[in-house]
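See structure below.
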Amino acid sequence: MKNLSLVVFLLASFSVFSAENDVQLENMWIRSGPPNAKVLAGYGEIRNSGSVAVTIASISSSDFEKIELHESMIHNGMVMMHEVEDKTIKAGSSITLESNSYHLMLKKPGKKLKAGDKVNLVFKFTNGSFVETRVEIKMQDQPATGHGHNHH
Ligand SMILES: [Cu+2]
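Numbering of the sequence shown is given in my numbering, commencing with residue 51 and proceeding in unit increments.
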């Protein structure tokens with residue numbers, strides 16, 4: 051019986067763990083810049099398929115000094131951007147990162163990055179969970195993926 055209760059305990063803790071990891075990063079890519087670009091922009095979708103809201107605590111990568119979540123807005127006819135303060139993703143919803151909207155601002159790459167390179171991104175959430183992904187650097191006008199994603 052001792053072994054059985056251990057199994058039950060492990061299953062229980064596993065399901066708690068996965069409940070906290072209901073965030074998927076979809077179609078993520080980073081737009082390539084000039085060879086010595088100090089800042090690159092990243093796009094894709096951050097989806098929360100869980101039943102509770104999650105809040106991004108930090109986004110990091112071993113290849114960049116700093117990563118921020120930005121939002122672009124047109125202000126007096128100019129595109130301005132600022133860091134998003136409320137990085138909460140409601141249950142069952144997602145944030146789409148695309149041109150002139152939300153995007154990742156990846157600052158100070160530690161090495162020269164060109165199209166085809168891949169970098170690691172780690173999204174940490176305030177509930178202690180995290181999601182890690184590898185993201186490819188792509189040319190400006192390359193479609194994000196071959197999944198029939200609509201571009202405007
Ligand atoms: Cu930005």
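No residue lacks a Cβ here, since even glycine has one placed at the ideal position from N, Cα and C.
All figures in this text were calculated on a predicted structure; none of them were measured in a lab.
Minimum C-alpha distance to residue i - residue among the options
i: K144; options: V89, N170, I96 and G100; result: Position check: residue 144 holds Ser in this sequence, whereas Lys was assumed. Out of V89, N170, I96 and G100, I96 has the C-alpha closest to the C-alpha of S144.
i: M189; options: S111, V172 and G92; result: G92
i: V134; options: V102, S112 and S108; result: S108
i: N86; options: S112, A103, G94 and L163; result: L163
i: I117; options: V104, K88, I139 and S179; result: K88
i: T176; options: D136, L90, I80 and E121; result: D136
i: L154; options: I187, H125, P84 and I124; result: I187
i: T183; options: P84, I124 and G94; result: G94
First and last residue of the uninterrupted beta strand (DSSP E) at residue i
i: A107; result: V104 to S110
i: L171; result: K168 to F175
i: Q74; result: V73 to R81
i: A9; result: What the structure shows of the chain is the stretch from 51 to 202, and residue 9 is not part of that stretch, so it cannot be assessed.
i: V185; result: F180 to K188
i: K157; result: Y152 to P159
i: L147; result: S144 to L147
Residue i CB to nearest heavy atom of ligand 3 below 6 Å
i: M131; result: In terms of ligand content, the structure shown lacks ligand 3 and carries ligand 1 instead.
Any non-hydrogen atom of ligand 1 closer than 6 Å to residue i Cβ
i: M123; result: no
i: M155; result: yes
CB-CB length for residue i against residue j, believed under 8 Å
i: L147; j: F114; result: The pair is not a contact, with the Cβ atoms about 16 Å apart (cut-off 8 Å).
i: V181; j: N71; result: 7 Å
i: I80; j: V169; result: 7 Å
i: G100; j: A165; result: So it is not a contact: roughly 34 Å between Cβ atoms.
i: S151; j: S122; result: 6 Å
i: V172; j: S110; result: 5 Å
i: I139; j: V104; result: 5 Å
At a cut of 8 Å, does the stretch 117-135 reach the stretch 73-89 through at least three beta carbon pairs?
no
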